[in-house]
Amino acid sequence: MEVLISNRQEQFAIDLDFIKAVAEEIMRFEASPENAELSLVFCDDDFIQKLNRDYRGKNQPTDVLSFPMDEEQFESEIRMLGDIVISTETAARQAESLKHPVLLELVFLLIHGLLHLHGYEHSGKVTRKRMREREVTIFRHLCEKKMLSCIEGEEPAPIIKRAIAVD
1079 MEVLISNRQE QFAIDLDFIK AVAEEIMRFE ASPENAELSL VFCDDDFIQK
1129 LNRDYRGKNQ PTDVLSFPMD EEQFESEIRM LGDIVISTET AARQAESLKH
1179 PVLLELVFLL IHGLLHLHGY EHSGKVTRKR MREREVTIFR HLCEKKMLSC
1229 IEGEEPAPII KRAIAVD
């Protein structure tokens, strides 16, 4: 598995090695193929707003966008999962409002984005519940792997407190 990271923002220092390790662990946990490749971009609000406008018709920043790769078009030994774009500015605002570290919010957005690349959606009540349950399961898994610091027996607070904005 390969995770390619592009840091197109300068507002926040991000531990890219940690993010890469978390992404690889989530990919393993979600049974991504061994030859899977993921592109991950950290950016500012201006950059993600342009993408959101161009691809979703919404002229506003958002926290995370996922672009699954249409593999049927390509013959390759590498299985490109797709691209995840995360706005660190939006992540920081959300982390502040939820009173947890920005890095934790970035991990949540990475989980959320990867689930979209694995076919999860949150367009309705049932799909939103299914996706939320999987987010919590992955978050717990990262705690068990000691990749995140979690209090035993407690729900993963950032996941439970969060509300997915369904646009």
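Read in order, the letters of the sequence shown correspond to residues 1079 to 1245 in the working numbering.
Note that CB positions come from ideal geometry on N, CA and C, so glycine has one too.
No experiment lies behind these values; they were computed from the predicted model shown.
Three-state class that DSSP yields for residue i in the structure shown
i: Phe1120; result: strand
i: Ile1162; result: strand
i: Leu1226; result: coil
i: Phe1096; result: helix
i: Glu1115; result: strand
i: Phe1090; result: coil
i: Glu1103; result: helix
i: Lys1136; result: coil
Burial state of residue i (16 or more Cβ within 10 Å)
i: Leu1220; result: buried
i: Glu1108; result: buried
i: Ala1091; result: exposed
i: Leu1188; result: buried
i: Val1119; result: buried
i: Ile1156; result: exposed
i: Asp1123; result: buried
i: Val1297; result: No information on residue 1297 is available, as it lies outside the stretch 1079 to 1245 that the chain covers here.
Those residues which DSSP pairs with residue i across a bridge
i: Asn1085; result: Phe1120
i: Pro1146; result: Gly1160
i: Glu1080; result: Glu1115
Reference residue i; option with closest CA among the options
i: Glu1183; options: Gln1172, Leu1193, Gly1191; result: Gln1172
i: Leu1192; options: Val1204, Pro1139, Lys1098, Asn1085; result: Lys1098
i: Val1081; options: Tyr1198, Met1225, Gly1160, Arg1206; result: Gly1160
i: Ser1227; options: Val1185, Ser1165, Asp1132; result: Val1185
i: Arg1252; options: Ser1110, His1178, Glu1167; result: Since the displayed the chain opens at 1079 and closes at 1245, residue 1252 lies outside it and no answer follows.
Inset, instruction - Identify every run of the alpha helix (DSSP H) within the stretch 1165-1212, keeping only runs that are complete inside it and at least 4 residues long; order them along the chain. - result: 1166-1176, 1180-1195
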